[in-house]
Amino acid sequence: MSDRRHIETFLEMMSAERGASANTLESYRRDLDDYADWVEGSGTDTLSADAASIRGYLGMLADQGMAASTAARRLSALRQFYRFVYAEGLRPDNPATAVDSPRRARPIPKILSVDEVERLLDTARLRQGPDGVRLQALLEVLYAAGLRVSELVGLPFPWNQGDPRFLLVLGKGNKERLVPMGDHALKALEAYIPHRKHFLAQGGDPRRLFPSRGKAGHLTRRRFGQLLDELAMEAGIDRARVSPHVLRHAFASHLLARGADLRAVQQMLGHADISTTQIYTHVLEERMQALVTAHHPLAR
Numbered sequence: 003m004s005d006r007r008h009i010e011t012f013l014e015m016m017s018a019e020r021g022a023s024a025n026t027l028e029s030y031r032r033d034l035d036d037y038a039d040w041v042e043g044s045g046t047d048t049l050s051a052d053a054a055s056i057r058g059y060l061g062m063l064a065d066q067g068m069a070a071s072t073a074a075r076r077l078s079a080l081r082q083f084y085r086f087v088y089a090e091g092l093r094p095d096n097p098a099t100a101v102d103s104p105r106r107a108r109p110i111p112k113i114l115s116v117d118e119v120e121r122l123l124d125t126a127r128l129r130q131g132p133d134g135v136r137l138q139a140l141l142e143v144l145y146a147a148g149l150r151v152s153e154l155v156g157l158p159f160p161w162n163q164g165d166p167r168f169l170l171v172l173g174k175g176n177k178e179r180l181v182p183m184g185d186h187a188l189k190a191l192e193a194y195i196p197h198r199k200h201f202l203a204q205g206g207d208p209r210r211l212f213p214s215r216g217k218a219g220h221l222t223r224r225r226f227g228q229l230l231d232e233l234a235m236e237a238g239i240d241r242a243r244v245s246p247h248v249l250r251h252a253f254a255s256h257l258l259a260r261g262a263d264l265r266a267v268q269q270m271l272g273h274a275d276i277s278t279t280q281i282y283t284h285v286l287e288e289r290m291q292a293l294v295t296a297h298h299p300l301a302r
């Protein structure tokens, strides 16, 4: 039986015993044929290849720029093929079991630049009346404290426990945390408070900082998202790039870029695990590179 015949036998098994579709079988065929071409070009064959050969193949795919998710799919096909070959007694082991899946890089968070955030804030400050003052307060607090949108719209009234510069935030798992605010956010909140009675008169919950009529008793996440969309368009920023979560990312990234400690940012964001906050390490890497370039005696 030729080397490629083992692939055909595997595909026949996938069709007969597992009911694989024609598209699935064709995908397996392409992946396994590509792998067979590579190992044969390396002086071996699929039945003789070892774990090092598979790693070499995956390394070649990475060098060609293949996405980790696609390479992981290729490895899955190889694992199933070698499981079949092993079960049929055609080789004494399954070399693919000793190969780790390609690591998928965590996506870098989408953020806005400092200038873009300032454009949003400046545009919000042009709004008049209770709705405009409330929007300014919402935006200032969101960017100043990096809150989740659900945390923002659900803030209690009063918003602090003694010190008005701190927000009392109810986060995931009903865990409370205190988050500091800067002067701009505090002034925006103080300017909003006289207008709060306007929203209370419409039937909002008096226990909420941002009351509004409706079942929740406070401004909804959806409505705030709509307001943010409108604001982005007025500011000349693609609204697809603007969301409450993008502003939360901007809060964390801008802090880290200016020297904030990762642990402190973790606490302010309300992340239970530091690994969640580490999606922002690209900012730290850029900052450390800039420090080395600017200050190391042999960097230039």
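Taking our numbering as reference, the numbering of the sequence shown is continuous, increasing by one, and the terminal residue is 302.
All C-beta atoms, glycine included, are put in the ideal place defined by N, C-alpha and C.
If you're wondering where the values come from, they're calculated on a predicted model, not measured in any experiment.
Under the three-state reduction of DSSP, R265 is assigned to helix. Listed as beta-bridge partners of R250 by DSSP are no residues whatsoever. Here L141 is not near L157, since their CB atoms are 8 Å or more apart. In chain order, V155, S214 and G216 place their CB closer than 8 Å to the CB of T222, counting only its own chain and leaving out the 5 sequence neighbours on each side.
In terms of Cβ geometry, R85 and N96 form a close pair [threshold 8 Å].
A distance below 7 Å between beta-carbons, with the five flanking residues on each side excluded, links N162 to the following residues of its chain, in chain order: F168, L169 and L170. The C-beta distance from P208 to F159 rounds to 7 Å, short enough to meet the 8 Å contact threshold. Contact annotation: the stretch 181-188 touches the stretch 134-150, with at least three C-beta pairs closer than 8 Å. DSSP lists R179 as the beta-bridge partner residues of V171. Contact annotation: A79 and L34 have beta-carbon atoms nearer than 8 Å. Around the beta carbon of P166, a 10 Å sphere encloses fewer than 16 other beta carbons of the protein chains shown; the residue is thus reported as exposed. G206 is classed as buried because its beta carbon has at least 16 other beta carbons within 10 Å across all chains shown. About 6 Å separates the Cβ atoms of S103 and L77, confirming a contact at the 8 Å cut-off. CA-CA distance, R129 to V135, rounds to 7 Å.
Judged by DSSP secondary structure, A98 falls outside any alpha helix (DSSP H); it is assigned neither H nor E. Contact fails between the stretch 39-54 and the stretch 22-29, because fewer than three Cβ pairs, one in each stretch, are under 8 Å apart.
In this structure, DSSP gives R76 a helical state, which the three-state scheme calls helix.
Around the beta carbon of E153, 16 or more other beta carbons lie within 10 angstroms, which makes this residue buried. E232 and D240 have their alpha carbons spaced roughly 10 Å apart. Just measuring C-alpha positions, the residue of Q269, E19 and A64 sitting nearest E178 is Q269.
Comparing alpha carbon positions, the residue from G261, S55, S255 and D263 closest to V116 is S255. Straight across, the Cα-Cα distance linking I113 with G131 is about 29 Å. Spanning the alpha carbons of R265 and V181 requires a straight line of approximately 14 Å. Beta-bridge pairing by DSSP links R210 to P158. For H273, the three-state secondary structure derived from DSSP is coil. The closest CA to that of G148, considering only G272, A18, A242 and A100, is found on G272.
Boundaries cannot be given for G148, as no alpha helix (DSSP H) includes it and DSSP labels it neither H nor E. Among the bridge pairs identified by DSSP, H220 is matched with P213.
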